[in-house]
Ligand code: FES
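Residue numbers (my numbering): 3 to 145.
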C-alpha cells in the first residue's frame, strides 16, 4: 500500500483555502514543538457560521493536507460544528495518515479551536474554557 492515500496527495498537491483573510474575525496559530511546524487559520464569521476560512501552513505535506481538509470540513458550518472537529475526523476524511504523521492532523484541530477562541475573546463572548484545553491538559502530547 502506498504510504499516503490519494486524498492526502490531492490535498497536498492542490491545497484548498490557502491564504490570508485580511479582516479575519478570528486567527489561530499553533506550532508543534517537536517538528517546529506552524499552522495559522483565519476565520470570517457571520451569524455564528464560518463564512470563510483560509490557512497558512509552514510544515510537512501531511500538515498541509490536514489543514486543507480541515478547512473544507468547517467551511459554511456553524461554530459549534467546527469546535467538534477532531483530528481523527480529519484523518478519516483524508483516508488515513501514517502513524508517525498523526500529530500533523492535531495541528489542524488545535489551530481551528484557537481561531474560534480568538473570535470569542475579541468579541467578549462567554465560553466554556474546557472546550479549549491548554497545552498541559491536552491529551494529544505523546502521540
Ligand atoms: Fe510537523 Fe507534520 S512533521 S506537522
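Note that CB positions come from ideal geometry on N, CA and C, so glycine has one too.
Whole-angstrom distance between residue 8 and residue 119, CA atom to CA atom: 33 Å
Beta-carbon within less than 7 Å of residue 103's beta-carbon, same chain only, minus the 5 sequence neighbours each way: which residues are those? 64
Using beta-carbon positions only, say whether residue 31 and residue 113 come within less than 8 Å of one another. yes
Quick check on the burial criterion: 16 or more other C-beta atoms within 10 angstroms. Buried or exposed for residue 19? buried
Going by CA-CA distance only, name the one from 42, 101, 13, 62 that's closest to residue 115. 42
Quick one: Cα of residue 131 to Cα of residue 81, how far? 15 Å
Leaving aside the five residues before and after residue 122 along the sequence, list all residues of the same chain whose C-beta is less than 7 Å from its C-beta, in chain order. 129
Using DSSP with H/G/I as helix, E/B as strand and the rest coil, what is residue 122? helix
Could you tell me the distance, in whole angstroms, from the CA atom of residue 145 to the CA atom of residue 69? Low local confidence applies: a pLDDT of 48 at residue 145 is under 50, so the model's placement there is unreliable, with the coordinate-based value given in what follows. Whole-angstrom Cα-Cα distance: 18 Å.
Contact under 8 Å by Cβ, residue 110 with residue 89: yes
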